[in-house]
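Visitor: Position one of the sequence shown corresponds to residue 3 (this note's numbering), numbered consecutively onward. Note that CB positions come from ideal geometry on N, CA and C, so glycine has one too. Next up is a structure, given as structure tokens.
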Amino acid sequence: MPKAIAFPTDAKLYFKSIQALVKMADSSQITLRQTYKKLAKTALCMRARYAHARQLKRAKREEKRLHNYLGRLIRDFERKTEGQALETESSYLLEIIKRIYAQQRNDSRKVYSLHEPHVECIAKGKVEKKYEFGCKASLVITHQEGLALDLRAIHGNPYDGHTLEEAIRNAQNNSGKNIEVAFVDKGYRGHTVEGKTIFISGQRKGLTQWIKSQLKRRQAIEPHIGHMKNDGKLGRNYLKGRLGDCFNAILCGIGHNMRLIYNWLVAQSSPKRLYSG
């Protein structure tokens, strides 16, 4: 479930951090030695031009310049506020900015957005979109009708197989029915579910002809996900924070079920057409 943030680059994060730090200093009535607002904007534009022209050494130089500007502002701000009690929001924002300044390329749990620091990088492996920035979402639907039994946001970027047991348990609680058989995709290989029959997409051994036909129905979840992304808001989450992720996932599932029920009622109420040869 992608979050509504810009694609994160180091230069953009440095520039936004500089803007936020200068704004925070103005609101706290702190006079900085130098704001670097114009110089930072110039460096960001030049970095984009050099990167477009494949002049990577020059682009890296401008990025380093932005990094230096941010470091000077952080040190100046801390000197001016030494011994003062900052507001909770200001101190939290300052910690996020310091994390952005200190993080390296291969660090884990990096900050990808200034206003959504909890966002995680999820590797998709697709040609058109290698990475998504948001959180994972777990979806359980009925085998025939496609009604969503459970749709929730999962934070921490866990392995899919470790989330299957909780997803089945939540679906059972929401539906009031016991789920005995589940058909899942290849991402759930190595799951830890016991007491349930789990068939994984692409499985070859131990399948009867009926199970093979039922396993083909597993792919039917993909159009439902597409409708949730296009008709709902699963494709881009605009709600803030981790709580907003949870609310957005639940509301997407509710909206999807309401659309399916509405379409079914329309089909039932429409008069049947008789065709004569």
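1. Helix, strand or coil: how does DSSP classify Tyr247 here?
2. Within its chain, find whatever has a CB closer than 6 Å to the CB of Leu253; leave out the 5 residues flanking it on each side and keep chain order.
3. Of all the options Ile143, Cys123, Gln31, Leu116, which has the alpha carbon lying nearest to the alpha carbon of Ser110?
4. Enumerate in chain order the residues of its own chain whose CB-to-CB distance from Leu15 is below 6 Å, with the five nearest sequence positions on each side excluded.
5. Would you call the segment 48-63 and the segment 135-142 touching, i.e. three or more CB-CB distances under 8 Å?
6. Tell me, which residues are paired with Asn239 by DSSP?
7. If you measure between the beta carbons of Asp1 and Glu65, is that distance less than 9 Å?
8. Compute the beta-carbon to beta-carbon distance between Ala22 and Ile76, rounded to the nearest angstrom, for a pair I have assumed lies under 8 Å.
9. Go to Leu209, then tell me how far its beta strand (DSSP E) extends in each direction, as first and last residue.
10. DSSP beta-bridge partners for Gly136?
11. Does Asp78 come out as helix, strand or coil in the three-state DSSP assignment?
12. With Ala27 and Phe79 assumed to form a contact (beta carbons below 8 Å), what rounded beta-carbon distance in angstroms separates them?
Guide: So, from the data block:
1. In the sequence as displayed, the identity of residue 247 is Asp instead of Tyr. Reduced to three states, the DSSP call for Asp247 is helix.
2. none
3. Cys123
4. Ile102
5. The answer is no - the segment 135-142 does not touch the segment 48-63, with fewer than three Cβ pairs under 8 Å.
6. Lys5
7. Nothing can be reported for residue 1: it is not among the residues displayed for the chain, which extend from 3 to 279.
8. Actually they are not in contact, since the Cβ atoms of Ala22 and Ile76 sit about 11 Å apart, beyond 8 Å.
9. Counting along the chain, Leu209 falls outside any beta strand (DSSP E), and DSSP gives it neither H nor E.
10. Pro4, Glu122.
11. helix
12. 6 Å
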